[in-house]
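Numbering (this note's numbering), first residue to last: 19 to 377. Here is the structure we will look at, set down as structure tokens.
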């Protein structure tokens, strides 16, 4: 009798050990139902189980593009960005215009900002801003600094050297310095932030500048952000910002609004940008704007005095080599600087980033 009991127990143990393997080897008969099950697993945070099941679904249905996109996103949520991009690129080889795949690739590239192979870099740049009414003014800024990518995200420290020339009843020629620190910490897989602080002993740069902006990455290539900029010259200045962003295929679109809080009521400005990506690094961007609230960190005092403004900007970014990236831009504004008095305003900039150390 004991012998039969022993045989029965052995059979039960063998069956229980082989059951998971048999279950895993079962063929998927309804890929749509399995896709929904895997997606639910991923949304619950069971990334390992979801990734294993998604790989099985992709292997059995290699032409199921949505399954491959889901696998790529799950791998990205696990912070395996390199593998995630490889999965999406495989789909893009056969479906180069797949909008969901392109959106997923852009999201994964965005999430992996802190995982770039560049660890340490040096950077330099130059910008100018000029107008001739009601007097001639030429404001130029030279900058230099260094960047490093930590485990939590990239950070930059540098110095700006500004030179201003004003030809009015009294000519002004002055050079000032500003010290700057910036960081882009990754908060979660779907949130990152921009933090900045700058100090200057001069009067044309703000004595203190601080900024914070937080992004929330949403499904289907959407993202939103909210932030606050603070400047101190001889008074405190607060400017809030809100934005909505969207990736569509090889394009990125952004609508951003700024609100300047004045004693006699808020003033606003709105900017729309469109960017065309040629690869992961190269892009051409065009933007238009209207309103009086400033959107840039240097020439805030001049911007606050204008009554109305319309602007256009063009920017091109390209990686010349694996270590050297250059960005150049130009802009034009039509501004009402006094009642019914308009002027033309021009700006330009160029910057270089050179990688010293790769991961």
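For glycine and all other residues, C-beta sits at the position ideal for the given N, C-alpha and C. Treat the numbers as computed from the prediction; the structure is a model and nothing was measured.
Beta-carbon proximity of residue i to residue j, cut-off 8 Å
| i | j | result |
| --- | --- | --- |
| residue 60 | residue 92 | yes |
| residue 319 | residue 251 | yes |
| residue 143 | residue 335 | no |
| residue 306 | residue 279 | no |
| residue 259 | residue 231 | yes |
| residue 226 | residue 185 | no |
| residue 219 | residue 211 | no |
| residue 177 | residue 197 | yes |
| residue 65 | residue 95 | yes |
| residue 365 | residue 325 | no |
| residue 221 | residue 195 | no |
| residue 166 | residue 137 | yes |
| residue 328 | residue 294 | no |
| residue 199 | residue 162 | no |
Beta-carbon proximity list for residue i, same chain, < 6 Å, skipping 5 on both sides
| i | result |
| --- | --- |
| residue 235 | 208 and 241 |
| residue 68 | 56, 59, 60 and 92 |
| residue 255 | 249 |
| residue 362 | none |
| residue 90 | 102, 105, 106 and 122 |
| residue 8 | For residue 8 there is no data in the structure shown, the boundaries of the chain being 19 and 377. |
| residue 370 | 142 and 344 |
| residue 309 | 286, 287 and 288 |
| residue 262 | 242 and 273 |
| residue 201 | 173 and 213 |
| residue 23 | Because residue 23 sits at a pLDDT of 49, beneath the cut-off of 50, its placement in the model cannot be relied upon, and the following sentence gives the value as read from the coordinates. Within the same chain, residue 23 has no close Cβ partners at all. |
| residue 229 | 214 and 247 |
| residue 110 | 119 |
| residue 160 | 144 and 179 |
| residue 348 | 332 and 366 |
Proximal residues to residue i (C-beta, below 7 Å), its chain only, five neighbours per side dropped
| i | result |
| --- | --- |
| residue 140 | 164, 372 and 374 |
| residue 127 | 298 |
| residue 39 | Only weak support is given to the placement of residue 39: the predicted model assigns it a pLDDT of 43, under 50, and the value that follows is read from those uncertain coordinates. For residue 39, where only same-chain residues beyond five positions count, there are no Cβ hits under 7 Å. |
| residue 338 | 344 |
| residue 191 | 183 |
| residue 73 | 89 |
| residue 454 | Residue numbering for the chain in the displayed model covers 19 to 377; residue 454 lies beyond these limits and cannot be assessed. |
| residue 300 | 335, 336 and 337 |
| residue 239 | 121, 124, 125, 264, 265 and 266 |
| residue 341 | 372 and 373 |
| residue 181 | 158 and 193 |
| residue 360 | 352, 353 and 354 |
| residue 113 | 83 and 119 |
Bridge partner(s) assigned by DSSP for residue i
| i | result |
| --- | --- |
| residue 299 | Answer is none; residue 299 lacks a bridge partner. |
| residue 53 | Bridge partners of residue 53: none, in fact. |
| residue 290 | 273 and 306 |
| residue 234 | 209 and 242 |
| residue 370 | 142 and 344 |
| residue 93 | In the DSSP output, where bridge partners are listed per residue, residue 93 has none listed. |
| residue 365 | 147 and 349 |
| residue 278 | 257 and 285 |
| residue 359 | 356 |
Boundaries (first-last residue) of the beta strand (DSSP E) holding residue i
| i | result |
| --- | --- |
| residue 264 | 254 to 266 |
| residue 247 | 240 to 250 |
| residue 342 | 342 to 356 |
| residue 331 | 326 to 337 |
Where the alpha helix (DSSP H) containing residue i begins and where it ends
| i | result |
| --- | --- |
| residue 310 | Segment: none, residue 310 is in no alpha helix (DSSP H) and carries neither H nor E. |
| residue 77 | 65 to 78 |
| residue 128 | 117 to 129 |
| residue 101 | 99 to 112 |
8 Å CB neighbourhood of residue i in its chain, flanking five on each side removed
| i | result |
| --- | --- |
| residue 408 | In the structure displayed, the chain extends from 19 to 377; residue 408 sits before or after that span and is not available. |
| residue 42 | Bear in mind that the predicted position of residue 42 carries a pLDDT of just 45, short of 50, making it unreliable; the figure below should be weighed with that in mind. Answer for residue 42: 74, listed in chain order. |
| residue 358 | none |
| residue 45 | 78 |
| residue 108 | 86 |
beta-carbon residue i near the ligand ADP non-hydrogen atom, thresh 7 Å
| i | result |
| --- | --- |
| residue 212 | Of the ligands one can find in the structure shown there are none, so the ligand ADP has no counterpart to examine. |
Handout entry: Segments assigned beta strand (DSSP E), at least 3 residues, entirely inside the stretch 149 to 232
Key = 154 to 168, 171 to 185, 190 to 201, 204 to 206 and 209 to 217
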